[in-house]
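Trainee: Attaching a single structure in structure tokens format; questions to follow.
Protein chains: 2
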Amino acid sequence: MQTPDETNATPATGIAARDWATAAADPQYRAAVVDLLGALAYGELAAFERLAEDAKLAPTLADKAELAKMASAEFGHFERLRDRLAEVGEEPTAAMEPFAAALDGFHRQTAPSDWLEGLVKAYVGDSIASDFYREVAARLDSDTRSLVLAVLDDTGHASFAVEKVRAAIEAEPRVGGRLALWARRLMGEALSQAQRVVAERDALSTMLVGGVADGFDLAEVGRMFTRITEAHTKRMSALGLAS
Amino acid sequence: MQTPDETNATPATGIAARDWATAAADPQYRAAVVDLLGALAYGELAAFERLAEDAKLAPTLADKAELAKMASAEFGHFERLRDRLAEVGEEPTAAMEPFAAALDGFHRQTAPSDWLEGLVKAYVGDSIASDFYREVAARLDSDTRSLVLAVLDDTGHASFAVEKVRAAIEAEPRVGGRLALWARRLMGEALSQAQRVVAERDALSTMLVGGVADGFDLAEVGRMFTRITEAHTKRMSALGLAS
Chain H
518 MQTPDETNAT
528 PATGIAARDW
538 ATAAADPQYR
548 AAVVDLLGAL
558 AYGELAAFER
568 LAEDAKLAPT
578 LADKAELAKM
588 ASAEFGHFER
598 LRDRLAEVGE
608 EPTAAMEPFA
618 AALDGFHRQT
628 APSDWLEGLV
638 KAYVGDSIAS
648 DFYREVAARL
658 DSDTRSLVLA
668 VLDDTGHASF
678 AVEKVRAAIE
688 AEPRVGGRLA
698 LWARRLMGEA
708 LSQAQRVVAE
718 RDALSTMLVG
728 GVADGFDLAE
738 VGRMFTRITE
748 AHTKRMSALG
758 LAS
Chain R
518 MQTPDETNAT
528 PATGIAARDW
538 ATAAADPQYR
548 AAVVDLLGAL
558 AYGELAAFER
568 LAEDAKLAPT
578 LADKAELAKM
588 ASAEFGHFER
598 LRDRLAEVGE
608 EPTAAMEPFA
618 AALDGFHRQT
628 APSDWLEGLV
638 KAYVGDSIAS
648 DFYREVAARL
658 DSDTRSLVLA
668 VLDDTGHASF
678 AVEKVRAAIE
688 AEPRVGGRLA
698 LWARRLMGEA
708 LSQAQRVVAE
718 RDALSTMLVG
728 GVADGFDLAE
738 VGRMFTRITE
748 AHTKRMSALG
758 LAS
């Protein structure tokens, strides 16, 4: 039998060992979590909007229903995050607004021009979001972590996209080159907007670099972005989109 | 104590007294229900799309979330109706496609040009749909009726719109005239598309006029449209949109 400390790379010490009531006594930690929930909530709402929009590109009603299902799931996530903000006494809109420009910017820069681009975006977005939720969960108090993991548990609705993209590339290999470029552009734009957020939001960035309680440093946030990028690259290769 | 026959205007006889397995032995009734489920499913999917689109017109994030919530609920209804089609051995896409032109036509002709038009459309659409679900439920076998009533139970998410539209008219009474015209146009377009469907879909129309088992006649379908129109007019008056 392993002890919990042996099974987890990050043992539950510092923030991770505290509940919200204890952790939020530190105003900087509290501000960081409000930022995080605001960013995630707006991200889910924006994802809902874009997926609903991109569903219009679907060639069949069944395809449209798949993307609409993802959109609907994102809306459910948005509601949980927004309700949590209200529960801790924050005005959800005020918490979300600082992140609107970056997320809207990302979606404006990456509007898919056809169904396959829409599918790749749905899959890439879903995967990056999952990776980020998983990374950030370890830096949170137990109550916020439970919420983040619950939302994470309900992601992964994009797996239908993998099969369809793979089939399209097999049918016409030339498509692969175009979609590989597209996937790189998606990741590049995501990183560029993430860096904008990190630069602008002190409390959130400080939490991400571990300035509040745990032992992360600035290099660690860079490593997190690197891990997410590497996971993305692996997924794209598996999909036949080696770049 | 009242007996069920005394509490309901329409006693459970004919189709209403049968379950799906018994009722669907009649191929014309079966075709009518497949038509109905296909029309309702496509209607819910189209409503999801349009509400998600119209949510972009929202002046605040909270308003956007309200309309997005409706969209998400419509998607849930779509899933139940689609799953029921699959359950009775029908291909959902094939069942929905005959109704795409009429429903897409309705939405194309009634794209709101601003947030208030979007709110009125959400409320009018939700209310007309509820009325239609309630009307048609009485003409269905017990299993199909349960599904239709379950979906109906989950509608009514548009009540938030009432308060907002009323406040806008109070703030600027001139708005009322414009929205009253808009509401009439919505109802006119809905009736015109409904008549197109009635003209094109024999099995469904026959069921609606009672040709399968119960005692409805052609005048009855006209009366149903009249009842729905009257209910709409009353709601619009209550909203300050007397036309």
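Going down the list, the protein sequences come from chains H and R. Sequential numbering from 518 applies to the first sequence in my numbering. Sequential numbering from 518 applies to the second sequence in my numbering. All C-beta atoms, glycine included, are put in the ideal place defined by N, C-alpha and C. Keep in mind it's a predicted model, so treat the numbers as computed, not measured.
(1) Are A700 of chain H and A639 of chain H closer than 8 Å when you measure CB to CB?
(2) Are the stretch 639–659 of chain H and the stretch 711–727 of chain H touching by the rule of at least three beta carbon pairs closer than 8 Å?
(3) Evaluate G642 of chain H with the Cβ neighbour count: other Cβ atoms within 10 Å of its Cβ, from every protein chain shown; 16 or more gives buried, anything less gives exposed.
(4) What number of angstroms, rounded off, separates the C-alpha of D621 of chain R from the C-alpha of A563 of chain R?
(5) With C-beta atoms as the reference, is A558 of chain R less than 8 Å away from F623 of chain R?
(6) Ignore the nearest five residues each way along the sequence and tell me which others in L666 of chain R's own chain have a CB closer than 7 Å to its CB.
(7) Which of the three DSSP states, helix, strand or coil, is assigned to R656 of chain R?
(8) Give the secondary structure of P609 of chain H by DSSP, where H, G and I count as helix, E and B as strand, and everything else as coil.
(9) Are the CB atoms of L756 of chain R and R683 of chain R nearer to each other than 8 Å?
(10) Could you give the distance in angstroms between the alpha-carbon of V729 of chain R and the alpha-carbon of L598 of chain R?
(11) Tell me where the alpha helix (DSSP H) around F595 of chain R begins and ends.
(12) Can you round the beta-carbon distance between Q545 of chain H and A748 of chain H to whole angstroms, since I take them to be within the 8 Å contact cut?
(13) Which chain R residues sit within Cβ distance under 9 Å of F565 of chain H?
(14) Three or more C-beta pairs under 8 Å: does that hold for the stretch 601–616 of chain R against the stretch 596–615 of chain H?
(15) How many Å lie between D580 of chain R and A617 of chain H at the Cα?
(16) Within 8 Å of any Cβ in chain H, is that where the Cβ of L578 of chain R sits?
(17) List the residues of chain H that R514 of chain R touches, going by C-beta distances under 8 Å, in chain order.
(18) Just to confirm my understanding: we take G635 of chain H, look at its own chain, exclude 5 residues before and 5 after, and list those with CB closer than 6 Å. What are they?
(19) Say whether chain R places a C-beta atom closer than 8 Å to the C-beta of T610 of chain H.
(20) Output the boundary residues of the alpha helix (DSSP H) element that contains G693 of chain R.
(21) Just the chain R side, please: which residues come within less than 8 Å of F592 of chain H by C-beta, in chain order?
(22) Taking the alpha-carbon of Q712 of chain H as reference, which of H:E596, H:A619, H:L568 has the nearest alpha-carbon?
(23) Does any residue of chain H bring its CB to less than 8 Å from the CB of M753 of chain R?
(24) Got a sec? Which residues, its chain only, sit under 7 Å from R718 of chain H by beta carbon, not counting five neighbours each side?
(25) Can you give me the Cβ contacts of T577 of chain H inside the same chain, cut-off strictly under 6 Å, excluding the 5 residues immediately before and after it?
(26) Could you check whether A585 of chain H and F742 of chain R sit closer than 8 Å to each other, using their CB atoms as the reference points?
(27) Who are the near neighbours of V692 of chain H in its chain, counting only those whose CB is closer than 6 Å to its CB and skipping five residues on each side?
(28) Return yes when the Cβ of I532 of chain R is within less than 8 Å of the Cβ of D648 of chain R, no when it is not.
(29) Measuring straight from C-alpha to C-alpha, what distance separates G560 of chain H and E566 of chain H?
(30) For chain H, find out if any of its Cβ atoms is closer than 8 Å to the Cβ of L562 of chain R; answer yes or no.
(31) Do you know how far the Cα of R740 of chain H is from the Cα of L669 of chain H?
(32) Only counting the same chain, and skipping five residues up and downstream in sequence, which positions put a Cβ closer than 6 Å to that of A534 of chain R?
(33) Kindly indicate which three-state DSSP category P544 of chain H falls into: helix, strand or coil?
(34) Rounded to a whole number of angstroms, what is the C-alpha to C-alpha distance between A603 of chain H and E596 of chain H?
Mentor: So, to answer that:
(1) no
(2) yes
(3) buried
(4) 7 Å
(5) no
(6) A654
(7) In the three-state reduction of the DSSP assignment, R656 of chain R falls in the coil class, being assigned neither a helical nor a strand state.
(8) helix
(9) With contacts defined as CB atoms closer than 8 Å, L756 of chain R and R683 of chain R qualify as a contacting pair.
(10) The predicted model places V729 of chain R with a pLDDT of 49, which falls under 50 and marks its position as unreliable, so this point remains unresolved.
(11) In the DSSP assignment, F595 of chain R falls within the alpha helix (DSSP H) that extends over 578–604.
(12) Their Cβ separation, rounded to whole angstroms, is 29 Å, which puts Q545 of chain H and A748 of chain H out of contact at 8 Å.
(13) Here the neighbours are A569, A572, A585, A588, S589.
(14) no
(15) 15 Å
(16) yes
(17) As shown, chain R starts at 518 and ends at 760. That puts residue 514 of chain R outside it, with no answer to give.
(18) D571, L574, P629.
(19) yes
(20) 691–717
(21) Simply A585, K586, A588, S589.
(22) H:A619
(23) no
(24) D552, P615
(25) Sequence-distant Cβ neighbours of T577 of chain H in its own chain, meaning closer than 6 Å and more than five residues away, do not exist here.
(26) no
(27) A685, I686
(28) no
(29) 10 Å
(30) yes
(31) 21 Å
(32) none
(33) helix
(34) 11 Å
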